[in-house]
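Throughout the sequence shown, residue numbering follows the UniProt record's numbering, covering 1 to 232 in sequence.
Before any comments, here is the structure.
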Amino acid sequence: MNIPALLSTFVIGGIAVISFTSVVLKRLKPTLSRQDKVLAGWFVFTGCIHFLLEGYFVYNHKTMPRMLDLFGQLWKEYAKADSRYLTMEPFVLCMESITAFAWGPLSYFTAWMIVAQSAYRHPTQMLVSVGQFYGDVLYYATSIMEDYYHGISYSRPETYYYWGYFIFLNSFWIFIPALCIYQSYSAMVGAFRQSAELVPVLFGPSVSGGIKNGARDEIVTYGKGRRADVGI
């Protein structure tokens, strides 16, 4: 398969996944906000990239140079921007293994939790996004530092391989996870603030004061003649 056909197949496949997800979300949860629909679509898409495409690499890394199917040809084309994918380089193999079998399934799980509006959505979204962001930073850094300190470049000299494949394609897993981290961080901070505001309303000002002063035990009067110890 020639390069234009190969890249077109990859793009069409990505659009198909996003379009299918969009149709399912409209029928399954029409009241979901546009932002959450976009994020659910992102996590389904990135789950496919991690679990299917990167999982394929992990499973076939020993025989990757000989692979002639669609995914094999995609990886060999990408390897022109990073030859480590054809040499069983330890860091890449470890990083891709974690990405494929941890962040892949968890991305699907996060998408489901967004649709279900689960209370566990933001902790899991934060976990997955930090993993993606951190892995991508290390991926960039190891390649760039090898070039800087040892003069070893893993990319072909053509500009579009380095800036198009290596920099641009991977940048999605920098910027989008960063936005997800910010959203989840803001949501969790808001939840803790709301919880702190509810304490004096539910239990009285004495408990609120005890929490602020770091008290370990607080005596709370719940009613006539009834008292209980609350461990903080």
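Just so you know, even glycine gets a beta-carbon here, dropped at the ideal spot from N, CA and C.
For clarity, every value in this text was computed on a predicted model and none was experimentally measured.
Check your understanding: Quick one, which of PHE71, PHE57, PHE45, TRP103 has its alpha-carbon nearest residue 245's?
Key -> A question about residue 245 goes unanswered here, because the residues of the chain that appear run from 1 up to 232.
Point to revise | Identity of the residue in ILE114, TYR162, GLU146 nearest LEU25 by Cα | key: Of ILE114, TYR162, GLU146, the smallest CA-CA separation from LEU25 is found for ILE114.
Exercise for review: Taking 8 Å as the threshold, find out whether the region 94-110 comes into contact with the region 126-135 through three or more Cβ pairs.
Suggested key: Between the region 94-110 and the region 126-135, the count of C-beta pairs closer than 8 Å reaches three or more; the two stretches touch.
Exercise for review: Could I get the ranges of all uninterrupted alpha helix (DSSP H) runs contained in the UniProt domain "EXPERA" (35-181), with 4 residues as the minimum, in chain order?
Suggested key: DSSP runs (the alpha helix (DSSP H)) wholly in the UniProt domain "EXPERA" (35-181): 55-60, 70-78, 90-98, 104-116, 121-150.
Practice item. Evaluate contact between the region 78-92 and the region 147-155, counting only Cβ atoms and requiring at least three cross-stretch pairs below 8 Å. Key: For the pair of segments examined, the region 78-92 was found to touch the region 147-155: the number of CB pairs separated by less than 8 Å reaches three.
Review point. In angstroms, rounded to a whole number, what distance separates the CA positions of PRO65 and MET1?
Key: Annotation: PRO65 to MET1 spans about 15 Å, alpha carbon to alpha carbon.
Review point. If you compare alpha carbons, which of CYS180, LEU70, PHE192, PHE166 is closest to SER8?
Key: The candidate whose alpha carbon is nearest that of SER8 is LEU70.
Exercise for review: Determine the DSSP secondary structure at SER186, reduced to helix, strand or coil.
Suggested key: In the three-state reduction of the DSSP assignment, SER186 falls in the helix class.
Review point. CB VAL17 to CB VAL44, shorter than 8 Å?
Key: Yes, they are a contact pair.
Practice item. Going by CA-CA distance only, name the one from ARG27, ILE15, PRO30, ALA141 that's closest to ILE167. Key: Ranked by how close their Cα comes to the Cα of ILE167, the residues ARG27, ILE15, PRO30, ALA141 have ALA141 in first place.
Check your understanding: Of all the options ALA102, TRP112, ILE144, TYR149, which has the alpha carbon lying nearest to the alpha carbon of LEU127?
Key -> With distances taken between Cα atoms, LEU127 lies closest to ALA102.
**Study point:** GLY14 classed as buried or exposed, judged by whether at least 16 other C-beta atoms fall within 10 angstroms
**Key:** Taking a 10 Å sphere around the C-beta of GLY14, we find fewer than 16 other C-beta atoms and assign the residue as exposed.
Exercise for review: Mark SER33 as exposed unless 16 or more other C-beta atoms lie within 10 angstroms of its C-beta, in which case mark it buried.
Suggested key: The residue in question, SER33, is exposed, as its Cβ has fewer than 16 Cβ neighbours within 10 Å.
**Study point:** Contact set for GLY223: own chain, Cβ-Cβ below 8 Å, skip 5 residues either direction
**Key:** Residue placement at GLY223 is poorly supported in this model, since its pLDDT is 44, which falls under 50; the coordinates are not used for a value here.
Review point. If ALA100 and PHE172 are in contact, beta carbons under 8 Å, what's the gap, nearest whole angstrom?
Key: About 17 Å separates the CB atoms of ALA100 and PHE172; that is not less than 8 Å, and the two are not in contact.
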